[in-house]
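K.L.:
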Amino acid sequence: MHVTGKTRVCAVIGDPIEHSLSPCIHNAAFKHLGLDYIYVAFRVRRGMLRGAIEGMRSLGIHGLNVTMPHKIEVIQYLDRLDEYASMVRSVNTILNRDGLIGYNTDGVGALRSLRIHIKDLGDAKVIILGAGGASRSISFSIAQEAGELVILNRTVWKAKELAERISKATGKNVKWGGIDKIEDEIEDANIIINATSVGMHPRSSESPVSVDLLRKDLIVFDLVYNPLETKLLKEAKYVGAKTIDGLTMLVNQGAASFEIWTGEKAPFNIMMEAALKHLMKSRNEPGKVNFKV
Ligand code: NAP
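Remember, my numbering sits 1 above the position in the sequence shown when you count from 1.
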């Protein structure tokens, strides 16, 4: 990498940030396409966000990824939001071009991940488990594309509130209920998405869906990426279902950010390979089993 006075700077901001995969994913993509960009990570603590965004303006930082805990608070410091970010009210990508524009690429990242197995969601019934930040950031885009969407969550009022917000924003009817409704809903479903933290390290022996409910004709998508192959995905593979892991989602949302900053088609396979290599290396280093966007 040859850094010059013309090199464009992109970065991820969040706290914690040291295990972020984004620098390795994006720098591999810049290098592959011969783009004069560099990507770094900045730890920005709560209370320091306004200063960080002002810093982006004054230093001319070209693009940022925004991660926990800043995805909602950052909105007030930006000049404009794209349509999806304003619907979701959460920003994970900023472009510095004639002002700061906020985007959310999680929705498109989820759709691209699903399209590995299904091109058109128009006839599909999709169940999303969870109503937290991850669910919120993907479920509006899925509602727009899917034949039917059902949101199930342990805390039922959160599923109701999210489903009602999505219905209002997209005009689509979204069903909601408690996570215990899964038995009834899964019978005629085509896709099930885990957007809860169930199955995540250190509780990796848990799955949000009993194996008896899984079928060969389902697509099972788990947003959890630590571990890479969750219990849910292992059991889905065992019954012959098609599966999508959280790393595929993570790289797809990163690829969409890359395209916003560069205007170039992101080299998905290069980014995925870089992420996997980084993870393999980290596994051998004590204390580095965890990783984040
Ligand atoms: P969050 O905002 O804290 O929401 C957590 C969700 O999990 C809530 O719906 C919560 O239900 C549910 N939950 C937690 N423990 C549960 C349990 N024991 N039984 C049933 N439901 C339970 O977290 P988040 O940001 O949405 O993240 C969720 C997961 O997605 C995490 O594993 C995260 O790493 C992953 N993620 C992946 C990507 C990616 O790119 N692959 C991106 C973002 C997040 P209640 O409302 O009832 O508490």
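Ideal Cβ positions, reconstructed from N, Cα and C, are used throughout, including at glycine.
With Ile-62 as the anchor, note down where its beta strand (DSSP E) starts and where it stops.
P.N.:
Unbroken run through Ile-62: none, as it is neither H nor E.
K.L.:
Taking DSSP as the reference, what is the three-state secondary structure of Ile-295?
P.N.:
Because residue 295 is not part of the residues shown, which for the chain are 2 to 294, the question remains open.
K.L.:
Hey, would you say Ala-267 sits closer than 8 angstroms to Ala-256, going by beta carbons?
P.N.:
In this structure, Ala-256 lies closer than 8 angstroms to Ala-267 by Cβ.
K.L.:
Suppose contacts are defined by Cβ-Cβ distances below 8 angstroms. Is Ile-220 in contact with Lys-243 by that definition?
P.N.:
It is a contact, given that the beta carbons lie within the stated cut-off.
K.L.:
Around the Cβ of His-279, are there at least 16 other Cβ atoms within 10 angstroms (buried) or fewer (exposed)?
P.N.:
Burial call: buried.
K.L.:
Express the C-alpha separation of Leu-277 and Arg-166 in angstroms, rounding to a whole number.
P.N.:
Cα to Cα, the separation comes out at about 36 angstroms.
K.L.:
If I measure Cβ to Cβ from Tyr-226 and keep anything under 8 angstroms in the same chain, skipping five residues before and after, which residues do I get?
P.N.:
The answer, listed in chain order, is Asp-246, Gly-247, Leu-248, Met-250, Leu-251, Phe-292.
K.L.:
Which residues mark the beginning and the end of the alpha helix (DSSP H) in which Val-252 is found?
P.N.:
Where Val-252 is concerned, the enclosing alpha helix (DSSP H) stretches over 247–263.
K.L.:
Figure out for me which residue from Ser-168, Thr-171, Val-75, Leu-224 has the closest Cα to the Cα of Gly-48.
P.N.:
It is Val-75.
K.L.:
Could you check the C-alpha separation between His-20 and Val-67 for me, to the nearest Å?
P.N.:
The alpha-carbon atoms of His-20 and Val-67 are separated by roughly 14 angstroms.
K.L.:
What number of angstroms, rounded off, separates the C-alpha of Leu-34 from the C-alpha of Met-272?
P.N.:
Each residue's Cα considered, the two are about 11 angstroms apart.
K.L.:
For the candidate residues Glu-207, Gly-179, Gln-254, Arg-51, whose alpha-carbon lies nearest to that of Lys-232?
P.N.:
Per the Cα distances, Glu-207.
K.L.:
If we call anything under 8 angstroms between Cβ atoms a contact, is Phe-259 one with His-27?
P.N.:
Against a cut-off of 8 angstroms, the Cβ pair of His-27 and Phe-259 comes out as a contact.
K.L.:
Give the single residue among Val-13, Tyr-38, Ala-12 whose Cα lies nearest to the Cα of Thr-5.
P.N.:
The shortest C-alpha separation from Thr-5 is found at Tyr-38.
K.L.:
Do the segment 189–197 and the segment 93–110 touch if we need at least three Cβ pairs shorter than 8 angstroms?
P.N.:
Contact fails: fewer than three Cβ-Cβ distances are below 8 angstroms.
K.L.:
What do you reckon, is the C-beta of Ala-132 under 7 angstroms from a heavy atom of the ligand NAP?
P.N.:
Yes - the ligand NAP has a heavy atom lying nearer than 7 angstroms to the Cβ of Ala-132.
K.L.:
Contact defined as beta carbons within less than 8 angstroms: I believe Ile-189 pairs with Lys-282. What is the distance between those atoms, to the nearest angstrom?
P.N.:
Ile is not the amino acid found at residue 189; the sequence shown has Asp there. Their Cβ separation, rounded to whole angstroms, is 44 angstroms, which puts Asp-189 and Lys-282 out of contact at 8 angstroms.
K.L.:
Does the ligand NAP have even one heavy atom less than 7 angstroms from the beta-carbon of Ser-136?
P.N.:
Flag set: Cβ of Ser-136 near the ligand NAP.
K.L.:
So does Ser-296 have its beta carbon nearer than 7 angstroms to some heavy atom of the ligand NAP?
P.N.:
The shown model of the chain, from 2 to 294, leaves out residue 296, and the question about it has no answer.
K.L.:
At a cut-off of 7 angstroms, would you count Asn-154 as near the ligand NAP, judging by its Cβ distance to the nearest heavy atom?
P.N.:
Yes, Cβ of Asn-154 sits closer than 7 angstroms to a heavy atom of the ligand NAP.
K.L.:
Touch check for the segment 178–187 and the segment 81–99: three-plus C-beta pairs under 8 angstroms?
P.N.:
These segments do not touch.
K.L.:
Specify the secondary structure class of Val-93 as computed by DSSP and reduced to three states.
P.N.:
A small fix is needed here, since residue 93 is Asn in this sequence, not Val. Correct three-state label for Asn-93: coil.
K.L.:
Near Leu-234, what residues of its chain come up, given a Cβ to Cβ distance below 7 angstroms and the 5 sequence neighbours on each side ignored?
P.N.:
Answer for Leu-234: Val-221, Asp-223, Thr-244, Asp-246, listed in chain order.
K.L.:
What beta strand (DSSP E) runs, 3 residues minimum, are completely inside the segment 123–161?
P.N.:
Taking only runs of at least 3 residues, the beta strand (DSSP E) segments lying wholly in the segment 123–161 are 126–130, 149–154.
K.L.:
Do you know how far the Cα of Phe-43 is from the Cα of Ile-14?
P.N.:
Spanning the two alpha carbons is a distance of roughly 5 angstroms.
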